[in-house]
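Everything below concerns the one structure shown next.
There are 2 protein chains.
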Amino acid sequence: MEREEDFCPIHEAINLLQEKWVLHIVRALLEGEMGFNQLARAVGGVNPATLSHRLERLAALGVVEKEVLQAMPPRTRYRLTQAGRELESVIAAIEAWGKAYLKPAPDRRT
Amino acid sequence: MEREEDFCPIHEAINLLQEKWVLHIVRALLEGEMGFNQLARAVGGVNPATLSHRLERLAALGVVEKEVLQAMPPRTRYRLTQAGRELESVIAAIEAWGKAYLKPAPDRRT
DNA sequence: CCCTATGCTATGATTCGTCAAGTAGTAGGG
DNA sequence: CCCTACTACTTGACGAATCATAGCATAGGG
Numbered sequence: 001m002e003r004e005e006d007f008c009p010i011h012e013a014i015n016l017l018q019e020k021w022v023l024h025i026v027r028a029l030l031e032g033e034m035g036f037n038q039l040a041r042a043v044g045g046v047n048p049a050t051l052s053h054r055l056e057r058l059a060a061l062g063v064v065e066k067e068v069l070q071a072m073p074p075r076t077r078y079r080l081t082q083a084g085r086e087l088e089s090v091i092a093a094i095e096a097w098g099k100a101y102l103k104p105a106p107d108r109r110t
Numbered sequence: 111m112e113r114e115e116d117f118c119p120i121h122e123a124i125n126l127l128q129e130k131w132v133l134h135i136v137r138a139l140l141e142g143e144m145g146f147n148q149l150a151r152a153v154g155g156v157n158p159a160t161l162s163h164r165l166e167r168l169a170a171l172g173v174v175e176k177e178v179l180q181a182m183p184p185r186t187r188y189r190l191t192q193a194g195r196e197l198e199s200v201i202a203a204i205e206a207w208g209k210a211y212l213k214p215a216p217d218r219r220t
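Heads up: the sequence lines are chains X and U, in that order. Going by my numbering, the first sequence runs without a break in its numbering and finishes at 110. Going by my numbering, the second sequence runs without a break in its numbering and finishes at 220.
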């Protein structure tokens, strides 16, 4: 129905980053490469199916890189590519904003 | 299960911004205040129920402001608050990243 | 009068994300 | 050796979120 006659990279970027868990995944991976379950724990609360989907998508877009070290005792490493690492600026902007304006948490006291 | 013992504003910010359409809405509103349908058109492809829901949430968080000008011939204005305008840095970071790394779109020709 | 426009809400359909469990192989404790 | 836990996912069923569409009430143009 939609015809991306001019293709807006900003629009696409937003669409990617607004997918559930994507930003959390990138943020976790900015801390360093890690395996699947470790990443799941770092992200917190994501289920393997969704995480798998997201990683597949992010790998297809060249944001993360998957390296299979061993097949048998399953051992995999996920790490950010250059493009992925550049997302740090986005995360940083979100962090700055969150700290500045999202402080008023739903607290009841000081 | 999870106890947000220290409340992480970054985590919260990510959770907010990853909600579908939120970034698109903010980006549209950065262009200037507008009415409901106008905003829907600017965002493109969002259905009124979702948009309404998001605006309600964004207003509750103090990111957007809603002003009802008339009740009967319905006339409403949505505009960003200070906090909302500050999200421009996030949008800018995403724009920069998208332009730099998302260019290789799945297109076949110019 | 008829059609468009405004700002939303209501309805049923589809898609997305979640949950629980299972697969396969190895390492460690008893 | 046996049992459990860990590794990395996949699968199928379920529920929640989002979708497209229609509709309300009113005002202005033709």
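Note that CB positions come from ideal geometry on N, CA and C, so glycine has one too.
- In this structure, DSSP gives GLU88 of chain X a helical state, which the three-state scheme calls helix.
- Contact between TRP97 of chain X and LEU197 of chain U holds: their C-beta atoms lie close to 6 Å from each other, under 8 Å.
- No Cβ of chain X is located within less than 8 Å of the beta carbon of VAL156 of chain U.
- Under the DSSP assignment, VAL153 of chain U falls in the alpha helix (DSSP H) whose first and last residues are 146-153.
- Per DSSP, GLN192 of chain U has no beta-bridge partner at all.
- Nearest to LEU140 of chain U by alpha-carbon distance, out of U:GLY172, U:LYS213, U:ARG189, is U:ARG189.
- Taking the C-beta atoms as reference points, THR186 of chain U is found nearer than 8 Å to VAL178 of chain U.
- Within the DSSP bridge table, the entry for GLU122 of chain U names no partner.
- Comparing alpha-carbon positions, the option among X:ARG85, X:GLU56, X:HIS11, X:GLU33 lying closest to HIS134 of chain U turns out to be X:HIS11.
- As computed with DSSP, LYS66 of chain X is found in a beta bridge with X:TYR78.
- Cβ-Cβ distances below 6 Å link ALA60 of chain X to nothing in the same chain once the five nearest sequence neighbours on each side are left out.
- The beta carbon of VAL174 of chain U sits no closer than 8 Å to any beta carbon of chain X.
- Straight across, the Cα-Cα distance linking ALA193 of chain U with LEU212 of chain U is about 28 Å.
- The three-state reading of DSSP puts TRP207 of chain U in helix, counting H, G and I together.
- Under the three-state reduction of DSSP output, ALA28 of chain X falls in the helix class.
- Neighbours of LEU23 of chain X in chain U, taken as residues whose beta carbon is under 8 Å from its own, are ILE124, LEU127, GLN128 in chain order.
- Here DSSP, grouped into helix, strand and coil, assigns GLU56 of chain X to helix.
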